[in-house]
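Written below as structure tokens is the structure these notes are about.
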Amino acid sequence: MTTSDGSKTIHIADLNEQYHSKHGALQEARHVFIKTGLDYYLKEINPSITRLRILEYGFGTGLNALLTSLYEESLPIEYTGTEAFPITREEVEAMDYGAMLDADDIYQKMHDAPWETKTSITDSFQLTKNQLKFEDLEYESVFDLIYFDAFGPRTQPELWTLDIFESAYKALDTNGVLVTYCAAGQVRRNLIAAGFTVERLPGPPGKREMLRGRKGIA
Ligand SMILES: C[S@@+](CC[C@H](N)C(=O)[O-])C[C@H]1O[C@@H](n2cnc3c(N)ncnc32)[C@H](O)[C@@H]1O
Numbered sequence: 603m604t605t606s607d608g609s610k611t612i613h614i615a616d617l618n619e620q621y622h623s624k625h626g627a628l629q630e631a632r633h634v635f636i637k638t639g640l641d642y643y644l645k646e647i648n649p650s651i652t653r654l655r656i657l658e659y660g661f662g663t664g665l666n667a668l669l670t671s672l673y674e675e676s677l678p679i680e681y682t683g684t685e686a687f688p689i690t691r692e693e694v695e696a697m698d699y700g701a702m703l704d705a706d707d708i709y710q711k712m713h714d715a716p717w718e719t720k721t722s723i724t725d726s727f728q729l730t731k732n733q734l735k736f737e738d739l740e741y742e743s744v745f746d747l748i749y750f751d752a753f754g755p756r757t758q759p760e761l762w763t764l765d766i767f768e769s770a771y772k773a774l775d776t777n778g779v780l781v782t783y784c785a786a787g788q789v790r791r792n793l794i795a796a797g798f799t800v801e802r803l804p805g806p807p808g809k810r811e812m813l814r815g816r817k818g819i820a
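Per this note's numbering, numbering of the sequence shown is gapless, rising by one per residue and ending at 820.
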């Protein structure tokens, strides 16, 4: 489907759920993950970092990965995208993000990259796509930033639990940051119970609020 800002997303009719906000897929990705996550981490948390490690829950169409690769060409980024149900080549083509962002070669390379393998997409951006379930992630202190982009708790409540957020907390290094588009009260409480210091922040167009959690501050 085409969202309100003209960018595409995938609509799952059976679940009445989208991969992105119907109010604007590109606007949402830029606001939640790039501005409130990446930009914040690099400017406010660790401006002198020399290699940034990002974990995404839900690689999906690869829009967040593509925007991140275009963000700052001089900073080495190691990006791990986890995804249980990769989209098809036909769906990749239908998204049209490469053409929209004038980065078709990068977008194609991301989707051509083999799974479970670290692949250089540009001189500074390395991508590892792992096909596994969020429930099975077992990382420990190896990421600086998490993009938490699961389907919403209405559709998949089992992905927004204390267990999942404890595992995300463990995956982050000290001062690590998690951002998500969701602002539901139970999600916020689960993040806090997992150890995060949580802020409610303005959401993208069409959504009042989003959440950002930080590890390592009292
Ligand atoms: C909101 S979409 C992700 C959107 C994605 N970040 C993008 O930019 O296109 C949620 C993703 O989580 C994946 N997913 C659903 N259940 C999962 C699970 N249990 N473990 C891992 N991935 C899952 C879906 O296949 C989907 O790609």
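Just so it is clear, CB atoms sit at the ideal spot from N, CA and C, and this is done for glycine as well.
Can you give me the Cβ contacts of residue i inside the same chain, cut-off strictly under 7 Å, excluding the 5 residues immediately before and after it?
i: Lys821; result: Nothing in the structure corresponds to residue 821, since the chain is present only between 603 and 820.
i: Phe727; result: Ser671, Ile679, Tyr681
i: Ala795; result: Leu764
Could you check which residue in the options has the C-alpha nearest to that of residue i?
i: Val789; options: Glu768, Ala701, Gly778; result: Glu768
i: Pro759; options: Asp738, Pro649, Ala786; result: Ala786
i: Glu692; options: Thr611, Asp765, Leu793; result: Thr611
i: Gln629; options: Pro806, Met812, Lys817; result: Pro806
i: Lys735; options: Arg791, Ala696, Phe687, Arg816; result: Phe687
Can you find the residues in the same chain that come closer than 8 Å, C-beta to C-beta, to residue i, ignoring five residues on each side of it along the sequence?
i: Glu718; result: Thr730, Lys731, Asn732, Gln733
i: Met603; result: Lys610, Thr611, Ile612, His613, Gln620, Lys624
i: Ala667; result: Glu658, Phe661, Tyr681, Gly683, Met712, Leu729
i: Ala715; result: Thr721, Ile723, Leu729, Lys731
i: Phe798; result: Phe767, Tyr771, Leu780, Gly815, Arg816, Lys817
Would residue i pass as a contact of residue j if the rule is Cβ separation under 8 Å?
i: Tyr673; j: Ile636; result: yes
i: Phe745; j: Asp704; result: no
i: Gly808; j: Ser623; result: yes
i: Leu761; j: Ala752; result: yes
i: Arg810; j: Glu801; result: no
i: Tyr621; j: Gly664; result: no
i: Leu677; j: Leu657; result: no
i: Leu617; j: Thr757; result: yes
i: Ala631; j: Leu669; result: yes
How far does the beta strand (DSSP E) with residue i in it reach, from first residue to last?
i: Arg814; result: 811-816
i: Lys711; result: No beta strand (DSSP E) contains Lys711, which is instead part of the alpha helix (DSSP H) from 706-714.
i: Leu654; result: 654-659
i: Ser722; result: 720-722
i: Leu668; result: Leu668 -> not in any beta strand (DSSP E); alpha helix (DSSP H) instead, spanning 665-671.
i: Gln728; result: 727-732
Considering residue i, what are the terminal residues of the alpha helix (DSSP H) in which it resides?
i: Val694; result: 691-697
i: Gln629; result: 627-631
i: Val789; result: 787-796
i: Phe767; result: 764-773
Near residue i, what residues of its chain come up, given a Cβ to Cβ distance below 6 Å and the 5 sequence neighbours on each side ignored?
i: Ser606; result: His625, Gly626
i: Met812; result: Val634, Tyr783, Ala785, Leu803, Gly805
i: Glu742; result: Lys772
i: Ile748; result: Leu657, Ala770, Leu780
i: Thr652; result: none
i: Gly818; result: Thr776, Asn777
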